[in-house]
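Here the structure comes first, spelled out in structure tokens, and everything after it is commentary.
Numbering (the UniProt record's numbering), first residue to last: 1 to 302.
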């Protein structure tokens, strides 16, 4: 807005200058018009001559200056100047038409300059309006981001969990707990330990009961045993096949982890069974299954 205000002030100043110049041109134009009329009057009056000292109708330079001043007083008052001679009047009268054209050209030029400056001012105003709208959009976007940031921060402060250390670290002269809060924390900690111990005992007793129960019928007498045995034998057969035998194809590898697939068509549909091989040092597969699935040791393993 500062640039636009400055340009408007400069434009007003140039308009003032233009008014002054136009007023001066009009004043000079009236002067030269009077000179032209005087020159025309001299040409029409052939009986009048300038001071050669002969004839009865001779007019002196002083008489001519008096008549000329009388004609000019009808338009405006002349400032003091040097004596007006015949040559000066004739010269100014002959150039009167050219000066009028120059005056018109000057006025048109100043008008064009002002129009151009006005156009530039309009362009600057449009550009300034565009930047102002962009600034408003950025300010609105920033305001929304600030609101989202404050809301997220407040939510994080509300959901933050206050984790205190053990009672041994909290007791002392610099503890943030008073006596009642301290003993409540100790009691809640002991209750939590007892609950975990009872949960482990229940899991262990449940596992013992399941292992001590005798099966009413053998597994091989189940009605789905033939299907289970067939699928298991087939899967073991394919799993034990080597990669070089042309059945399994390696398609992914990451360190010790290798993944294979084989193409197979089952009931008209193409399937891609997968097989993964990974090496974990320091533990066997049986130990891994035992520690992962047995509830008696899984809690300790985790």
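Heads up, the beta-carbon is just placed ideally off N, CA and C, and yes, glycines get one too. Note that this is a predicted model, so its numbers are computed, not measured.
Using CA atoms only, rank isn't needed, just tell me which of the options is closest to residue i.
i	options	result
residue 251	276, 270 and 223	276
residue 14	111, 290, 181 and 190	111
residue 105	204, 21 and 194	21
residue 100	139, 145, 32 and 267	32
residue 256	240, 280, 236 and 274	280
residue 298	188, 204 and 145	204
Check the C-beta distance from residue i over to residue j and give it rounded, since I have them as a contact under 8 Å.
i	j	result
residue 8	residue 121	7 Å
residue 263	residue 254	With 8 Å as the limit, residue 263 and residue 254 do not qualify as a contact, their Cβ atoms being about 23 Å apart.
residue 278	residue 260	Between residue 260 and residue 278 the Cβ distance is about 12 Å, and since that is not below 8 Å, they are no contact.
residue 11	residue 118	7 Å
residue 25	residue 108	Contact doesn't hold; Cβ gap of about 12 Å is too wide.
First and last residue of the beta strand (DSSP E) that includes residue i?
i	result
residue 265	264-266
Assuming residue i is part of the alpha helix (DSSP H), what are its boundary residues?
i	result
residue 231	225-240
Tell me whether residue i sits in a helix, a strand or coil according to DSSP, three-state version.
i	result
residue 247	coil
residue 283	coil
residue 290	helix
residue 16	helix
residue 119	helix
residue 23	helix
residue 168	Any reading at residue 168 must be qualified, since the residue scores a pLDDT of 49, below 50, and its modelled position is unreliable; no value is offered.
residue 52	Unreliable positioning characterises residue 52 in this predicted model, as indicated by a pLDDT of 47, which lies under 50. A coordinate reading is not provided.
For residue i, write down the residues that DSSP places opposite it in a beta bridge.
i	result
residue 308	Limits of the chain in this structure are 1 at one end and 302 at the other, which puts residue 308 out of reach.
residue 113	DSSP lists no partner for residue 113.
residue 252	259
residue 271	264
Closer than 6 Å: is that where the CB of residue i sits relative to any heavy atom of the ligand HEM?
i	result
residue 278	Ligands displayed in this structure: none; no statement on the ligand HEM is therefore possible.
Are the C-beta atoms of residue i and some chain C residue less than 7 Å apart?
i	result
residue 37	Given the protein chain composition of this structure (a single chain), no chain C is represented.
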